[in-house]
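A.B. asks: Pasting a structure below so you can have a look.
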Amino acid sequence: MRFLIALLLIIVAFASNTFALQCEMCQYAIKAAEDLVDQNFTQNQILPYLNSACNLLPESWAAPCEIVVEQYGWQFIQKAIAHETPEVACTQLGLCVEVEAEVEVEEQEAPVQTNMLGKWHWKKHHKNPFKHLEKELKCKACHYVVGKADGYINREFNEAKHAIDRECDVFELHPAVKYCKHIVDHELDKIFNEVRRHESPANVCKHIHWC
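Numbers -20 to -1, 1 to 191, taken from mature numbering (1 follows the signal peptide of the UniProt record, and there is no 0), label the letters of the sequence shown in order.
Quick look at the structure:
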């Protein structure tokens, strides 16, 4: 009996987390669509941007986001044009529920993660909808490279460059990996010179125009 209860808890928790993630992806995509509608993007222009918005999320969320956008993208755009709130729109589409059903079990329920996106919730941007996040990622990537460069300061340059380039793969976001590798490829010699002068990561990245 206890095994069946434990199995039920696992199934409920997994299903709840999957549904919660689907709901979060829907709301994220509609917020992005709203921003683009406000900037007078056409419907045909918006859909590719929604796919791009998914690629800005951590890798574990990017694929579910792309699936939801592929299935509901045009409906997301129509809801944004109709000025439906993300919460209402996603509930109407069956991707969110207003009140989650409670399952009564004899043992304590496993916690269900909510608000999975956290800081990745869509924030309104102007002109380029991804400009603000791009700046943050570029600066973060630069600080990371500077920190790593300090640890390789006494190594042979090409050896250090190769090692730091591999460490760029630590980022979960594809754009951040790209920025990190670009900095290593094009700015590492300047970074080493700055680090030898004991400049802080903030100053180094400001000097090379990445923050």
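All C-beta atoms in this analysis are idealised placements derived from N, C-alpha and C, irrespective of residue type, glycine included. Source: prediction; values computed, not measured.
#1: Which whole-angstrom value describes the C-beta separation of Trp190 and Cys119, a residue pair presumed to lie in contact below a C-beta threshold of 8 Å?
#2: What's the C-alpha gap between Ile26 and Ala143?
#3: For the alpha helix (DSSP H) containing Asn31, list its first residue and its last residue.
#4: With distance defined between alpha-carbon atoms, name the residue in Val49, Pro28, Leu168 nearest to Tyr132.
#5: Taking its Cβ as the centre, do 16 or more other Cβ atoms sit within 10 Å of Phe56, making it buried, or is it exposed?
#6: For Trp54, which three-state DSSP category applies?
#7: In whole angstroms, what separates the C-alpha of Lys115 from that of Cys45?
#8: Under three-state DSSP, which class holds Ile133?
#9: Could you please give the first and the last residue of the uninterrupted alpha helix (DSSP H) stretch that includes Thr71?
#10: Please list the terminal residues of the continuous alpha helix (DSSP H) segment that includes Glu174.
C.D. replies: Put simply:
#1: Indexing the sequence shown from 1 puts residue 190 at position 210. Indexing the sequence shown from 1 puts residue 119 at position 139. Correct: roughly 6 Å between the Cβ atoms.
#2: In the sequence shown, the residue the question calls residue 26 occupies position 46. In the sequence shown, the residue the question calls residue 143 occupies position 163. When rounded, the distance between both Cα atoms is 39 Å.
#3: Counting from one through the sequence shown, the residue named residue 31 turns up at place 51. Per DSSP, Asn31 belongs to the alpha helix (DSSP H) from 23 to 35.
#4: As a first step, residue 132 must be located in the sequence shown, where it is residue number 152. The residue with the shortest Cα to Cα distance from Tyr132 is Leu168.
#5: Along the sequence shown, one-based indexing puts residue 56 at 76. Phe56 should be labelled buried.
#6: Stepping through the sequence shown from its first residue, residue 54 is reached at position 74. Here Trp54 sits in helix by DSSP.
#7: As a working mapping, residue 115 is identified with position 135 in the sequence shown. As a working mapping, residue 45 is identified with position 65 in the sequence shown. Looking at the two C-alpha atoms, the distance is approximately 22 Å.
#8: By one-based count along the sequence shown, residue 133 stands at place 153. Note: Ile133 maps to coil in three-state DSSP.
#9: On the sequence shown, residue 71 is found 91 positions in, with the first residue counted as 1. Taken as a continuous stretch (DSSP letters only), the alpha helix (DSSP H) holding Thr71 covers 66 to 72.
#10: Here the question's residue 174 lines up with position 194 in the sequence shown. First-last of the alpha helix (DSSP H) with Glu174: 154 to 176.
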